[in-house]
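Just so we're aligned: 96 in UniProt numbering is position 96 of the sequence shown, and the numbers increase by one with no gaps anywhere.
Every residue, glycine too, gets a C-beta built ideally from N, C-alpha and C.
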Amino acid sequence: MPDQRVLITGAAGVVGTLMRPRLRKPGRVLRLLDLAGQPAAEPGEAVEILTGSVTDAATMAAACEGADALIHLGGHSRENSWEATLDVNINGTHTVLEAAREAGIKRVILASSNHAVGFRRIADAGESGLPADSSPRPDTYYGVSKAAIEALGSLYASRFGMDVIVVRIGSCFETPLPLGPRGLVTWLSPDDGARLFEACLSAPSPGYRLIWGVSDNTRRIYSLAEAEALGYTSHDDAEVFAEQLAGQPGPSGIAAECVGGPFCTAPLGAFN
Ligand code: 15L
């Protein structure tokens with residue numbers, strides 16, 4: 001059987017870097033695309049390193065050729081100017097989806113964010129957590145771009161029969177420590193992130209899905225039911241870091257009441 005070739009955009013970013021070693025597996029080649037330089041292949045590591053932008057149609061066409069699945073992590077991962085957000089996140093995702101469609105890639109996983117629904121109130125989360133398909137309430141231009149990415153993914157699934165899974169990622173970092181107390185709620189451990197992407201890659205005929213990407217944190221406010229329906233099982237809980245975060249100040253005011261935390265009060269359009 002030929003190798004499965006998985007294209008990852010934004011492969012040198014925070015999540016991409018954490019996933020590279022974790023999504024390695026026999027019979028799989030990771031094709032890693034980023035604007036930034038990337039470490040060369042380690043001995044025995046089945047990777048193809050590509051340099052280029054998700055906004056460039058020719059780059060994306062070449063990157064998608066022969067790929068079986070695509071994990072689109074590329075784009076600005078924080079607040080930025082409207083123009084940059086529109087160009088890289090929204091137009092860039094359109095370029096990525098067009099290239100995937102033209103290349104016949106049937107399985108696409110798109111990175112969305114909790115900031116697509118950042119102004120949803122934590123108090124409304126309910127017992128089982130905020131449903132994964134809660135309609136957008138973005139907290140920033142960045143959040144608006146993630147809502148647009150979700151809509152683009154839905155469009156390509158409905159129009160072209162592609163399997164498109166959009167993941168509203170909480171906070172995927174090595175540990176929740178740099179995030180402060182909010183990280184105890186939003187953390188997606190890197191290992192759980194890999195489990196989630198594996199579920200997204202292998203679920204039979206999912207069609208369009210919108211799911212949360214978080215660990216099963218004691219303080220979780222997001223529903224895991226939709227991700228679990230795809231085969232995801234979280235093994236991690238940020239609570240093991242609670243003692244180390246005790247006494248650190250959390251967000252206050254609206255930032256403490258809403259899902260997006262500090263993004264809810266960050267200046268709009270200001271790179272941070
Ligand atoms: C995101 O969407 C960002 O990409 C990431 O850098 C974190 O800030 C995360 O949200 C978060 O909410 O912690």
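The beta carbon of T93 sits closer than 6 Å to the beta carbons of I149, L152 from its chain, once the five residues preceding and following it are set aside; these are given in chain order. It is roughly 8 Å from the alpha-carbon of S215 to the alpha-carbon of L224. The ligand 15L never approaches V88 closely enough for any of its heavy atoms to be under 8 Å from the residue's Cβ. Secondary structure note for G213: its beta strand (DSSP E) is the uninterrupted segment 208–213.
Annotation: L23 to V29 spans about 9 Å, alpha carbon to alpha carbon. At a Cβ-Cβ threshold of 9 Å, D34 and L50 count as neighbours.
The continuous beta strand (DSSP E) containing H72 extends over residues 69–72. Between the ligand 15L and V167, a heavy atom-to-CB distance of less than 8 Å is absent. With a threshold of 8 Å, the Cβ atom of R78 counts as near the ligand 15L, since some heavy atom of the ligand is closer than that. By DSSP's assignment, D163 forms a beta bridge with R107. With a cutoff of 9 Å on beta-carbon distance, N89 and Y156 are scored as not near each other.
For D34, the three-state secondary structure derived from DSSP is strand.
Taking 8 Å as the cut-off, one finds at least one heavy atom of the ligand 15L near enough to the beta carbon of S171.
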